Structure formats: C-alpha cells, structure tokens
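Every number in the working numbering is 154 more than the matching position in the sequence shown, counting from 1. Only one structure is covered here, and it is reproduced in the block below.
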Amino acid sequence: MTLPRTSSKLDFKAFKSQSQSSLGWSVKRTRTFLTSATRLRALLGFAAIALLLAPGAYAQTASEEYVKPVPLLQGSAGFITNFEGGQPDLHPIVTPVVLLPIGQRWLFETRATFENDLVAVPGRPGFHGGLVEKEVEYAQLDFLANPYVTVTIGRFLTPFGIFNERLYPAWIRNLQSDPLVLPIGIGPSNASTGGMVRGGFKANRQLNINYAAYFSALSTTSPVDSDRFAGLRTGIFVPKARLELGGSFQHLLQQERSNLFGFHAIWQPAPLPLDIRGEYARSKRGSGYWVEPAYKLSQFPFLQNEMRRTQLVARYQQFFTGDLPSDSLPSVNTKQFEFGVNYYFMDGLRATTNYGRQFSSAGNLNVWTLGLTYRFVVPLGPAGRVP
155 MTLPRTSSKL DFKAFKSQSQ SSLGWSVKRT RTFLTSATRL RALLGFAAIA LLLAPGAYAQ
215 TASEEYVKPV PLLQGSAGFI TNFEGGQPDL HPIVTPVVLL PIGQRWLFET RATFENDLVA
275 VPGRPGFHGG LVEKEVEYAQ LDFLANPYVT VTIGRFLTPF GIFNERLYPA WIRNLQSDPL
335 VLPIGIGPSN ASTGGMVRGG FKANRQLNIN YAAYFSALST TSPVDSDRFA GLRTGIFVPK
395 ARLELGGSFQ HLLQQERSNL FGFHAIWQPA PLPLDIRGEY ARSKRGSGYW VEPAYKLSQF
455 PFLQNEMRRT QLVARYQQFF TGDLPSDSLP SVNTKQFEFG VNYYFMDGLR ATTNYGRQFS
515 SAGNLNVWTL GLTYRFVVPL GPAGRVP
C-alpha cells in the first residue's frame with residue numbers, strides 16, 4: 155500500500171516540520187544545459203560563499219543569551235484501513251524522527267518508517283502480513299550558515315512540489331491517500347542523495363521568498379536508491395493575503411535527460427478556517443493536478459465543542475499519461491474525487507475517514523479509508539538558557 159507522507163494545523167506552521175520548507179518558480183526550458191559536474195560545482199560554490207558570509211550574519215543577529223539546544227524525538231503513529239475495490243487492507247505505521255543538534259549551527263536529522271500490510275487471506279480467519287518493512291527515509295546533516303542559508307548533505311526528501319516534503323506524514327495529511335502525481339519529480343524512493351542549499355528571506359514588507367537548489371547522485375542500492383538530477387524550487391509568500399505561490403524545475407541527468415515542471419499554491423483566507431492546497435506536475439511520463447480544500451467547522455453556532463474539532467476535506471485530481479511508461483504512475487488517464495472528515499480528539503490525536511471514486515478506462519473503483527493517527531514529541535535532554 156502506498157501511504158501518504160508529513161496538517162491538521164495551518165500549512166504555514168508546518169512548512170518545516172522536519173526541516174523541509176522551500177518553494178519554487180519553474181525555470182524556462184532551454185536547449186543547452188550545464189553538465190552535471192558544472193552544476194555540482196555551482197552548488198558547492200554557492201555553499202562556500204554562504205559559509206564565508208556566515209560569521210558576519212550571525213554576529214549581527216545573535217542574541218546575548220545562549221539557548222542550549224537539546225536532542226528531540228518526534229514523529230507519528232497510525233493505523234490506517236484501506237478498502238480499494240472492496241478489498242480491505244490494514245496498515246499500521248510508525249514514523250520516528252530524530253533531531254540531534256551539534257552546537258548552535260549544526261543539525262543531524264533522520265526519519266525512519268516501520269510499517270506492515272495486513273490483508274485477508276481466503277480460507278483463513280483474520281488478517282495476515284509478512285515481515286515489518288523498515289526504511290530510512292532521510293538522514294541528513296544541516297549547517298545553518300546564516301539566517302538566510304542552510305546547507306544540507308546526505309539523503310534528503312526531494313523538494314519538488316509541496317506534498318513530499320510538507321504533507322506526507324500520516325498526522326499531517328488531510329486525506330490518507332496519495333495524490334496521483336506524487337511520484338513525479340521525487341525519485342524512486344522519494345528522496346535524493348547529494349547536496350542542497352536552501353533558505354528564505356524577506357524581499358519587502360509584503361513579500362517573503364523561499365528557495366531550494368539541489369543535486370542528487372545516482373544510487374542503485376535499495377531501499378535508498380535515487381536518480382541523478384538537479385533542480386530548483388522557489389516560491390513567494392504574501393503574509394497579508396495568507397497566500398503562497400511557487401514552482402519547481404528539475405533536469406534529469408540520466409536516461410532521456412528530460413525536464414520536469416511543477417507549480418503549487420496554498421491559500422488560507424483570513425475570514426474563514428479554510429485551507430486550499432493544489433499542485434500541478436508535468437514530465438514525459440505523465441502530468442496532472444490535484445486541488446484540496448479543507449474547512450474547520452469552528453464557526454458553526456451549535457455543538458461548538460464538537461464542531462471546532464471537526465474538519466471537512468475534499469480532493470479532486472486528474473492524471474494524464476505521458477510519452478514514456480512508468481511503474482509508479484497510473485498506466486491510463488485517471489480521474490479521482492474524494493471527500494473526508496477528520497475529528498481531533500486532542501492536539502496530535504485524530505480520527506480520519508474518507509470515501510472516493512476513481513474513474514479510468516481500466517475500470518472504475520471505490521476508495522474508502524478509515525484511520526487513527528497520533529503525533530508525539532519527546533525532548534531527549536533538559537532545555538535551558540545559559541547567560
């Protein structure tokens with residue numbers, strides 16, 4: 155089963171739940187591209203400049219008090235039941251995240267997944283599954299060069315679009331199914347192996363800009379395999395309008411050496427407890443989009459204690475096949491509509507359900523999901539201020 159990945163809260167509060175939060179405008183296609191070695195040198199050169207500028211920037215912004223960073227264990231646990239085409243599938247999953255600060259400017263972070271698929275076997279009572287699947291989704295070392303630049307090396311979530319980085323974990327996503335276009339641009343295991351430079355800055359009082367530039371090397375070792383590509387994601391956030399617009403560009407440095415494009419938008423209108431998210435992605439293996447509004451019932455005048463805990467969600471999406479085949483994308487043009495309800499018992503504990511219908515030339519089917527998700531945060535040491 156494909157389980158989506160890291161809100162029940164506002165998206166702009168969850169931009170970096172696991173240090174992942176840059177945005178992007180797509181770059182116009184050109185006929186001439188730099189070689190991969192040149193791209194890597196450019197990325198490393200930008201990182202070197204950031205390191206040289208780091209001491210001055212920190213000297214200007216550091217407070218007089220030293221806040222002692224502590225290691226942190228956080229993550230989520232979930233029990234998701236899927237009914238696809240009438241076939242039940244039980245999916246328990248635990249996703250721990252470890253954040254290990256090293257001094258004031260270094261951070262090691264990693265996320266792992268432990269999951270299993272339990273299915274009904276004809277002639278046998280109950281549900282049965284195999285061994286627990288274990289995977290290190292990312293393991294990266296971050297250097298906080300200055301308030302505007304973070305340099306990352308290792309294995310990191312590919313910053314193409316927003317779903318893979320910001321919305322994938324079970325406790326964050328509004329619907330427990332994956333968007334059909336999710337595999338576009340993120341690699342065979344949803345992560346990259348290489349280096350990244352990312353950050354953000356305030357362009358003016360009305361505008362914030364975020365960016366991420368990255369390079370991934372080819373790795374054929376499963377389950378930490380990755381493709382060879384280079385990419386950029388940038389975005390604009392308008393705080394007053396509570397609106398974010400961004401885009402992604404990626405150039406594949408293997409196989410057909412094609413270009414991939416993506417756009418995303420998030421809007422949270424101030425008068426309403428409403429989130430609207432959407433993405434578009436295009437590659438030679440397919441293209442498509444999804445749009446997802448989510449509305450909290452906190453403004454209803456009756457049963458206010460229950461209504462403020464209830465969220466209604468819908469998603470409409472389409473996928474169009476490309477010139478090249480792909481094992482991770484639908485093989486035919488597909489449409490899908492889903493409607494769901496989330497109920498928050500407390501901060502971090504949520505019941506979720508959704509029902510949908512998928513339409514394609516390969517056959518129509520129902521998609522129904524029930525689940526319970528929980529988010530946990532555990533400090534692994536004492537926090538405090540040192541004068």
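Beta carbons: idealized from backbone N, C-alpha and C, even for Gly. None of the values given here were measured: they were computed from a predicted structure.
To the nearest angstrom, report how far apart residue i and residue j are at their CA atoms.
i: Val273; j: Leu519; result: 18 Å
i: Thr488; j: Arg469; result: 14 Å
i: Asp501; j: Leu451; result: 16 Å
i: Gly341; j: Gly517; result: 28 Å
i: Leu428; j: Ala293; result: 34 Å
i: Leu524; j: Asn496; result: 10 Å
i: Tyr368; j: Pro276; result: 48 Å
i: Phe314; j: Gly257; result: 30 Å
i: Trp522; j: Thr506; result: 11 Å
i: Pro536; j: Arg278; result: 50 Å
i: Pro255; j: Val221; result: 12 Å
i: Asn362; j: Asp477; result: 37 Å
i: Arg463; j: Pro455; result: 14 Å
Following the continuous alpha helix (DSSP H) through residue i, name the residue where it begins and the one where it ends.
i: Glu460; result: Gln458 to Met461
Using beta-carbon positions only, say whether residue i and residue j come within less than 8 Å of one another.
i: Gly283; j: Asn300; result: no
i: Phe233; j: Pro223; result: no
i: Leu253; j: Leu261; result: yes
i: Glu287; j: Arg265; result: no
i: Tyr443; j: Gly432; result: yes
i: Ala345; j: Leu295; result: no
i: Gly400; j: Gly389; result: yes
i: Leu329; j: Asn508; result: yes
i: Tyr528; j: Ser230; result: yes
i: Ala424; j: Arg387; result: no
i: Gln471; j: Pro333; result: yes
i: Lys438; j: Glu460; result: no
i: Phe473; j: Pro484; result: yes
i: Ala419; j: Glu446; result: no
i: Ile307; j: Gly349; result: yes
i: Phe355; j: Tyr434; result: no
i: Phe391; j: Asn358; result: no
Ends of the beta strand (DSSP E) at residue i?
i: Ser441; result: Gly440 to Lys450
i: Lys489; result: Thr488 to Met500
i: Glu289; result: Glu287 to Asn300
i: Trp522; result: Leu519 to Pro533
i: Arg309; result: Val303 to Leu311
i: Ser370; result: Leu361 to Ser370
i: Thr347; result: Ala345 to Asn358
i: Ala468; result: Thr464 to Thr475
i: Tyr509; result: Leu503 to Ser514
Closer than 7 Å by C-beta to residue i: which residues in its own chain qualify, once you throw out the five before and the five after it? Chain order, please.
i: Ser373; result: Thr347, Asp379 and Ser380
i: Phe383; result: Ser370, Gln404, His405, Leu406 and Leu407
i: Gln172; result: Confidence is the limiting factor: at Gln172 the pLDDT is only 38, short of 50, which leaves the residue's position unreliable, though a coordinate-based value still follows. So the list reads Thr160, Val251, Glu263 and Arg265, once near-sequence residues are dropped.
i: Pro377; result: Glu289 and Ser343
i: Lys394; result: Gln360
i: Ala191; result: In this prediction, Ala191 scores a pLDDT of 45, lower than 50, which makes its location untrustworthy; the coordinate-derived value is nonetheless stated afterwards. The answer is none, since no qualifying residue turns up.
Only counting the same chain, and skipping five residues up and downstream in sequence, which positions put a Cβ closer than 8 Å to that of residue i?
i: Pro242; result: Thr235, Asn236, Val273, Ala274 and Phe281
i: Ser514; result: Pro484, Val486, Asn487, Thr488 and Lys489
i: Ser480; result: Pro337, Arg439 and Gly440
i: Arg124; result: Given a span of 155 to 541 for the chain in the structure shown, any question on residue 124 remains unanswerable.
For residue i, I'd like the list of residues in its chain whose CB is within less than 6 Å of its CB, leaving aside the five on either flank, ordered along the chain.
i: Arg436; result: Phe415
i: Val532; result: Leu227
i: Val248; result: Ala231 and Phe268
i: Thr304; result: Asp296, Leu298, Arg352 and Gly353
i: Ser441; result: Phe474
i: Ser482; result: Pro337
i: Phe417; result: Gly401 and Tyr434
Please determine whether the Cβ atom of residue i lies at a distance below 7 Å from any heavy atom of the ligand FAD.
i: His245; result: Absent from the structure shown: the ligand FAD. Ligands present: none.
Can you list, in chain order, the stretches of the beta strand (DSSP E) that have 3 or more residues and sit fully within the region 239-278?
241-256, 260-269 and 272-274
Could you give the uninterrupted runs of the beta strand (DSSP E) lying entirely in the region 382-440, keeping only those of 3 residues or more?
Here the runs fully enclosed are 383-392, 397-406, 413-421 and 428-437.
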